[in-house]
Amino acid sequence: MDTNILKFSTAIRIDEITLFLSLCSFQKKFVLFNYSHNASSKYFSLQDSCFIFIDFCLSYNHETYKLFCFYHNNEAFCILTRFFSLLKAIFLMFSFEFCFEVYIIDIMLAQLQQTFSEVGKEVILKAWKNCKENIDETKGALTWLTENTTNLQQQQYLMELFEYFGDKLEKTTISQTWKNCNQIFFDTYKKLEEVCAISDLNELNAYEILKEENEFKILREICLHILWNILKYPKHIKYRQIHKQALYNYLFLKCHTLGADLEKVSVVMEWFLQYFGFKKGNDDNWYYQHHHIQLLHLWKCYRSAINLQKMYFCVFILLLYKTRHWIVRRVCMLWNGKLKDYESLFDYEHRTIMLFDEHKLKIKSLQLGNPKKSSLEFNVSIQWYNDIDIHQTHAKWACLILNHTWHFRTIHPLDRDDLSNCVSVNESKNIREFNSFNVIWKSIDNKTHKEPLNPYSITFKQGIQHVQHNLQMRNHFMFGMDELILFECKFDKCKPAISSKISKMNDSDVLLYDIYKHLPHYPIIQVLWEIKGYFMVPYKRTIGIERKDLPKSNDLGIEFISSNQKTKFNPLLYECDLHKLKIIEDESSVKVTRNNNLQKLFHEVIQNNYLCDLITFQSKQNKKEEKQFYNNIKKQMNYNEKDENDIVS
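The working numbering puts the first residue of the sequence shown at 1329, with every later residue one more than the last.
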C-alpha cells in the first residue's frame, strides 16, 4: 500500500491501535476505509471507530481529507453511508474549519445504472442525492420516473420538479400534475407552487415535510429561549444564570409529555450550554462565564437555532439543516431618522424580529406580539406604500409599515412581497406564526401573498379594501398603473367558499369572525381569497399626442396587399403553435445536461491549471494580476470545478 495512504477500518483491531496512532503523527491527508464485517471481540464498534477518526481529524485543522470507501455487500454499504453522514453532522455541529471529501467507488450506483439503463447517468446521480443516498428510496424514485417519462429530456424535467417539490408533496401529486399540464415543465412548476401555497389551509397534513423529532423539539425550544433572553436583555444578570433543578424539571416535564429520552436530551443540553459559553459552578448551577457577552458568537448560535429544522441522534447528534428559500436575510429599516441595513432573523417562537448591526455589534428586537407560546395574536398589521422621488434622485423604493411603527424599505417589489410574507406567517406548520389569522391572495402574476388580519375587529369589506390597497401599490410600483378599472372577489372560488350574501353591500360589513368561526382550528387558520384586480395608468400621467392635421391615407406609409396575394409570414400567434412555445420556454427555464466531449476536455484543461497555456498574458512579472486575469476568464465562462456542464459553450 502507498505510504501516503492511512489504512482505517470501520472495525479496527485492538492490536492495530499503536500502528494507527503512530501513523497519525505523519499528518496524512488520505484515509482509506476498508469495511470488514467480521464480528469479533477483537474489533472496535462503528461508534468507537468514529471517535478515533474524529480525534485524528482534530489534530490537523485546515486539511482536506479524502475518504476512499470499498464495500462488498448491501449491509456494508448501508453502514458506511450512515457512518459518513454521522461524520458530516458532527463536523457541522462542532463548526470545524476543515473539510473532507468522500469518494465512493460505487458498486451500488453501477447496479442502479444497469437496472435503469433507460435513465441517464446524471439523472440517477440526482435521484441518489435527493434521496439522501438511500438505495431503496432511490430505486422507488427512478421507478416512478420511468413510469412517467418517455425520453431523457422529460426525465431531467421531472427530476427537477422532484428536486424542488419532493420534500413538500407526494410523488403521485407531482406526476399527476405533470400529466395534467401535458408534461410542460414551466406550467407544472407554477401549478405545484400553487398547490404548496394552499395545501396547508385549515388542515394539519398527515404528510408533514419537516416533522421534528421529540428530542429536537425540546432542545430547540430551550436553546432558543435561553439565547433569546440573553440577546434581548444583555444587561440582565438573571438570564446569565440557569438553576440546575429548574432546568431538570423543565426537561423532565417535556420529555415525559412527548415520550422523549431524558438522559439523551440532558447530555446534549449540557453540551449546548458549554458551547454557548456557560460553565457549571460548584453548586452544579450554570453560569455565563464572560463578563461581557460574546455577542457575535451568541448571534451565530441563535441564527443556527432559528434555521435548524431537523435533528436525529446517533452516537452523537445528527443535524440536518433545511432553510426556507423565501426567508429574508437582510432588511433596510428606518431607525432614529436614518435608514440602516441589518441582518434579520424571524423568531416565530417568540414573535420577534431580531436585527443585528454587524458594524456596531448591536442587536435590536422588534416584538410583534405576545411572546408567550400559548397565546393567540391578531394585532400584526402591514401597510404598503411607495416612496418615489421625481424631483432629485428619480429613485423609487417599495416600502411597508409594520405595526404602524417600523418602516422598512426595499429596492424591488418582490423583496417587499417576501418581507411581508415572512412577517405575516411562516409556511411551516412546525413553527408558530406571528399572526394567528391570515388571508392568502394572489396577484395577476400568480405571486402568493399573505395578509395578517384581526377577524374580531376587521370586517370583510375592510379586508377587501386592504388587499385592494396593497395590490394597487404593487401595480403602481411595477407598471405605473394605480387607477382602478375592476376589482372583484370570486366568492365561490374562495377556500373555503364564501356565501353569496356577503357580496351585497349591506352584508359586506360582517366581521370575518362571523364568516369563519365555524371552521376547524379557528382562529389559527389561513383562508384563500380569489381576487381579480385590474389597474391602468391614469390620464393625468399620460402624454398627449393629438395632431390637428391628419395625413392622408397615401402618406401613412401603409402597404396594402390585394386579397389574391399570400403573405410569406404571419406575425399573429396560432393556437396550434402554443405548445411549441411552451417547449421553448421549458428549454430556456431548465438547465439540460449536455454531452459535449470538447466541453469536458476544456473543463479538464482548466482544472489542471493549463489555462495559462491557452491565453497569452501581457505582463509576466505581476503574478497577482495574472492570476486575477485568469480568474476573471473562469468567472465569465461560469467555470465550476465540480460540474463540467456549467461551462458556457
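By construction, the Cβ of each residue, glycine as well, lies at the ideal position given by its N, Cα and C atoms. Computed from a prediction, not measured in an experiment: that's the story for all the values here.
Cβ-heavy atom distance, residue i to the ligand ZN, below 7 Å
| i | result |
| --- | --- |
| residue 1658 | This structure lacks the ligand ZN, and indeed carries no ligand of any kind. |
Member of the options whose CA lies at the smallest distance from the CA of residue i
| i | options | result |
| --- | --- | --- |
| residue 1743 | 1685, 1595 and 1725 | 1725 |
| residue 1439 | 1460, 1466, 1496 and 1693 | 1466 |
| residue 1660 | 1800, 1566, 1960 and 1692 | 1692 |
| residue 1670 | 1606, 1847 and 1686 | 1686 |
| residue 1856 | 1703, 1844 and 1969 | 1844 |
| residue 1553 | 1699, 1928, 1510 and 1794 | 1699 |
| residue 1482 | 1516, 1795 and 1566 | 1516 |
| residue 1633 | 1511, 1578, 1684 and 1677 | 1677 |
| residue 1592 | 1543, 1457, 1574 and 1461 | 1543 |
| residue 1488 | 1504, 1455 and 1789 | 1455 |
| residue 1791 | 1748, 1721 and 1709 | 1709 |
| residue 1933 | 1962, 1954 and 1484 | 1962 |
| residue 1657 | 1453, 1490, 1449 and 1631 | 1631 |
| residue 1778 | 1472, 1815 and 1748 | 1748 |
| residue 1673 | 1635, 1578 and 1667 | 1635 |
| residue 1867 | 1852, 1907 and 1810 | 1810 |
| residue 1815 | 1612, 1464, 1499 and 1858 | 1858 |
| residue 1468 | 1937, 1611, 1452 and 1684 | 1452 |
Residue environment, residue i, which counts as buried when at least 16 other CB atoms sit within 10 Å
| i | result |
| --- | --- |
| residue 1785 | exposed |
| residue 1679 | buried |
| residue 1804 | buried |
| residue 1697 | buried |
| residue 1595 | exposed |
| residue 1675 | buried |
| residue 1767 | buried |
| residue 1565 | exposed |
| residue 1556 | buried |
| residue 1870 | exposed |
| residue 1824 | exposed |
| residue 1842 | exposed |
| residue 1461 | buried |
| residue 1960 | exposed |
| residue 1800 | buried |
| residue 1502 | buried |
| residue 1798 | buried |
| residue 1442 | exposed |
| residue 1579 | buried |
| residue 1484 | buried |
| residue 1511 | buried |
| residue 1813 | exposed |
Pairwise C-alpha distance: residue j and residue i
| i | j | result |
| --- | --- | --- |
| residue 1738 | residue 1717 | 15 Å |
| residue 1807 | residue 1715 | 15 Å |
| residue 1546 | residue 1496 | 24 Å |
| residue 1520 | residue 1847 | 25 Å |
| residue 1969 | residue 1935 | 7 Å |
| residue 1587 | residue 1551 | 19 Å |
| residue 1559 | residue 1723 | 36 Å |
| residue 1782 | residue 1956 | 57 Å |
| residue 1774 | residue 1796 | 16 Å |
| residue 1561 | residue 1827 | 49 Å |
| residue 1729 | residue 1860 | 24 Å |
| residue 1736 | residue 1662 | 6 Å |
| residue 1865 | residue 1822 | 29 Å |
| residue 1506 | residue 1476 | 9 Å |
| residue 1931 | residue 1458 | 25 Å |
| residue 1652 | residue 1689 | Note that residue 1652 scores a pLDDT of 36, beneath 50, so its modelled location is shaky; the value from the coordinates is reported in the next line. Spanning the two alpha carbons is a distance of roughly 26 Å. |
| residue 1713 | residue 1793 | 14 Å |
| residue 1732 | residue 1703 | 22 Å |
| residue 1575 | residue 1666 | 42 Å |
| residue 1854 | residue 1486 | 30 Å |
| residue 1727 | residue 1750 | 15 Å |
| residue 1695 | residue 1682 | 9 Å |
| residue 1509 | residue 1911 | 12 Å |
Cβ distance (whole Å) where residue i is taken to contact residue j below 8 Å
| i | j | result |
| --- | --- | --- |
| residue 1617 | residue 1607 | 4 Å |
| residue 1839 | residue 1787 | 6 Å |
| residue 1706 | residue 1762 | With a Cβ gap of about 10 Å, residue 1706 and residue 1762 do not count as contacting. |
| residue 1914 | residue 1513 | 4 Å |
| residue 1789 | residue 1837 | 6 Å |
| residue 1771 | residue 1802 | 6 Å |
| residue 1446 | residue 1474 | 6 Å |
Contact with chain C by residue i, beta-carbon distance below 8 Å
| i | result |
| --- | --- |
| residue 1802 | Annotation note: the requested chain C is absent from the structure, which comprises a single protein chain. |
Is it the case that the segment 1568–1583 contacts the segment 1596–1611, given that we only count it when at least three CB pairs across the two stretches are under 8 Å? yes
If you pair each beta-carbon of the segment 1574–1594 with each one of the segment 1625–1635, do three or more pairs fall below 8 Å? no
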